[in-house]
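Please read the structure below before turning to the comments.
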Amino acid sequence: MFGFGLRKAPTTTPARADRWHLLGVELNSSLLRAVAVGNQRVRNVSLDAPHDVLPLFVTMDRRTPDVGHAGLAACRVSPHSVCSNFLGVLGQPQEWRGAKLTLNPESAMAVVMHKAAALLSAESDAAALVLPSYLTPSQVRILQELTHGTRWPVRGTATAALAVASHRASTVGLGSRGEERTILLIDADEFAMSATLVNIQETGVRLVDSMAFPKAATRLWKEQLINGLADRCVRLCRRDLRDSAQAEQDLFLQLDGAMDRARKNEWVQLTLRSEHWYQDITLTPEDLQQIVAPVCRGAIDGLKEFLVSAALRQPPHAVWMSEAAARLPGLAARIYKHSPETTQLSLLPATAFAEAAAALVPRWLAGQLPLVHLDTTITHEHPLKRVDTTQALPSRGASSRPALPKQSTAKE
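To convert, count from 1 in the sequence shown and add 1373; that's our numbering.
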């Protein structure tokens, strides 16, 4: 959606002599992602080979814990032996007891840090880490200590929404009379859906307000989908997939792909299978939206209350949704429906937060940014230019709009 003159390169691991010197790392309650930037190219860093992204699911069925797709593949079959959703509770007295070991939020995060440390250090000596806006200062300090203890090459940390607003501020610009712009950024992970208002000014970006909505976390959307699809399966073949742990696990692993297809307005085919039966289910995007409608309504109501409490002088200039938030069935369509005509809705690419982190690295190396967690302001390297606001605004069908189900694009 937003171009910065970077061309994608194949996902390959460079030789030590070809180390890339800018590394951006995104951490949230669902995953760890990293991109390496150099020679005007962006490359995904494989953190859980052959996969790029490292899911934050830690196994506890052996003496030595593992994190990533191994935990993700067992989280519904044996949930008692998998630790997840621990980032948002760092510093709190919580434990996960498995057959072989017990973890708390800090030890679970240490497993993540240790697995990624060698991979990140092999890529670069200079990285930046961006974090969710719902983390408290004490939780950020815990993470900074963990990165130092595991020798991550981190030169600075920042709030993800603030970093991406800083990285893409030039695509928004200022009004012809220097009017400021306010952007609403929406993200979602295992812990919560988060909304962050960022003000784009001539000299920098400033965080206005933020709020987390735990009742709209991605895990709750998936729970709603599993329960709704199980009920449909009962009606079709008198079988409840939740009676089979493996059938539930198989469905769980299909959900991300199903939501991606529904977001593109494509039909979805799911295979439900146990040892003694199987059932294929074909769904429309509207079917998925109907199943998760209660969660979606709660998310929209929360966003409305958040914007009212922020008391903005005018509606946000744009709403930017992360890939994880845009994937949630019906959420982008409802935001589009309820947003004013002057508010643009854009879907960020999957690597947007990690690329924004990488863009901050040279400024920390040059001493242009303070050596603190950037959670309130980030100054621009160069003042923003003003743009002509007398030109006609883009229509509701402009390219900045996401691909939405047809029946959801009309304003009522």
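Cβ coordinates follow ideal geometry from the N, Cα and C atoms, glycine included.
Just so we're clear, the structure is a prediction, and the values are computed from it rather than from any experiment.
Check, Outcome
"Proximity test, Cβ basis, 8 Å: A1489 and chain E", "This model lacks chain E altogether, as it is built from one protein chain only."
"R1670 classed as buried or exposed, judged by whether at least 16 other C-beta atoms fall within 10 angstroms", "exposed"
"Any alpha helix (DSSP H) of 4 or more consecutive residues that is wholly inside the stretch 1638-1677", "1658-1664"
"Whole beta strand (DSSP E) elements within the stretch 1567-1634, 3-residue minimum", "1577-1586"
"Option nearest L1757 by Cα separation, candidates A1542, A1561, Y1507 and A1447", "A1542"
"Beta-carbon proximity of T1555 to P1689, cut-off 8 Å", "yes"
"Chain-order list of residues whose beta-carbon lies under 6 Å from that of A1732 (same chain, five-residue window excluded)", "H1540"
"Span of the beta strand (DSSP E) around R1406", "L1404 to G1411"
"R1686 in three-state terms, based on DSSP", "coil"
"D1425 beta carbon less than 8 Å from that of R1449", "no"
"Secondary structure of D1562, DSSP reduced to three states", "coil"
"Local Cβ density within 10 Å of V1415, reported as buried at 16 or more and exposed below that", "buried"
"Environment of P1667 [buried if 16+ CB atoms lie within 10 Å]", "exposed"
"Unbroken stretches of the beta strand (DSSP E), 3 residues or longer, contained in the stretch 1481-1521", "1500-1504"
"For C1610 and Q1652, the rounded distance between their alpha carbons", "8 Å"
"D1421 and G1397 closer than 8 Å at C-beta", "no"
"Those residues which DSSP pairs with G1464 across a bridge", "BP columns for G1464 are empty, so no partner."
"DSSP state of L1720 mapped onto helix, strand, coil", "strand"
"DSSP-derived helix/strand/coil call for G1441", "coil"
"Helix, strand or coil at W1525 [DSSP, three-state]", "coil"
"Segment contact, 8 Å Cβ cut-off, at least three pairs: the stretch 1708-1725 with the stretch 1677-1695", "yes"
"S1402 vs L1445 beta-carbon contact at 8 Å", "no"
"Cβ-based neighbour list, D1582, same chain, cut-off 7 Å, excluding 5 preceding and 5 following", "L1570 and A1683"
"Three-pair Cβ contact test at 8 Å for the stretch 1525-1540 versus the stretch 1740-1747", "yes"
"Collapsed DSSP secondary structure at E1696 in the structure displayed", "helix"
"Residue from N1458, S1511 and S1480 whose Cα sits closest to the Cα of P1428", "N1458"
"Same chain, Cβ closer than 6 Å to P1735, neighbours up to 5 away in sequence not counted", "none"
"Assigned exposure category for V1607 - 16 Cβ within 10 Å defines buried", "exposed"
"Three CB pairs or more closer than 8 Å across the stretch 1480-1494 and the stretch 1517-1529", "yes"
"Three-way DSSP call (helix, strand, coil) for R1707 in this model", "helix"
"Segment contact flag, the stretch 1637-1646 with the stretch 1508-1525, C-beta cutoff 8 Å, min 3 pairs", "no"
"Where the beta strand (DSSP E) through S1457 begins and ends", "V1455 to S1457"
"Where the beta strand (DSSP E) containing L1474 begins and where it ends", "Careful: L1474 lies outside any beta strand (DSSP E) and carries neither H nor E."
"Residues near R1634 in its chain [Cβ-Cβ closer than 7 Å; skip 5 each side]", "V1641"
"DSSP three-state assignment for A1531, whether helix, strand or coil", "strand"
"Neighbourhood of A1585 by C-beta, 7 Å cutoff - its chain only, sequence neighbours within 5 removed", "Y1507, A1565 and S1567"
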